[in-house]
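Okay, structure first, notes after.
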Amino acid sequence: MNTKVSNYRRFIGYTQMQMANSLGISVQAYRNKEKGITPFKDSEKIIIKDKLQNKGFSKVTIDDIFFVK
């Protein structure tokens, strides 16, 4: 499970449905990605990073969101 992605999503007040809509995928597909069953596409990672940056996480990087440091 990618808890970092789900935590960031919650920090900006998005539901899984809202994030799925932003990515143009079904809620189930998004859940599978957040659970680590299916990987996020690079284009989806960029969209999520941009959403976070627009909501106040201006210095967040893709590495911060998707990879363990």
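If you read the sequence shown in the working numbering, its first letter stands for residue -13, the second for the next number, and so on.
Glycine is no exception: its CB is placed at the ideal position from the N, C-alpha and C atoms.
In this structure, how does DSSP classify residue i when only helix, strand and coil are distinguished?
i: Asn18; result: helix
i: Ile56; result: Because residue 56 is not part of the residues shown, which for the chain are -13 to 55, the question remains open.
i: Ser12; result: coil
i: Ser29; result: helix
For residue i, which residues of its own chain have a beta-carbon under 7 Å away from its beta-carbon, when the five flanking residues on both sides are left out?
i: Gln39; result: Val46
i: Met5; result: Arg(-5) and Tyr16
Residue i lies in the alpha helix (DSSP H); which residues open and close that run?
i: Phe56; result: Beyond the ends of the chain as shown, which are -13 and 55, falls residue 56; an answer cannot be given.
i: Lys(-10); result: Thr(-11) to Phe(-3)
Got a sec? Which residues, its chain only, sit under 6 Å from residue i by beta carbon, not counting five neighbours each side?
i: Ile11; result: none
Since residue i and residue j are thought to touch, with beta carbons under 8 Å apart, how far apart are those beta carbons, to the nearest angstrom?
i: Gly42; j: Asn(-12); result: Gly42 to Asn(-12), Cβ: 21 Å. No contact.
i: Val(-9); j: Ile51; result: 6 Å
i: Phe26; j: Lys19; result: 5 Å
i: Ile33; j: Ser8; result: 6 Å
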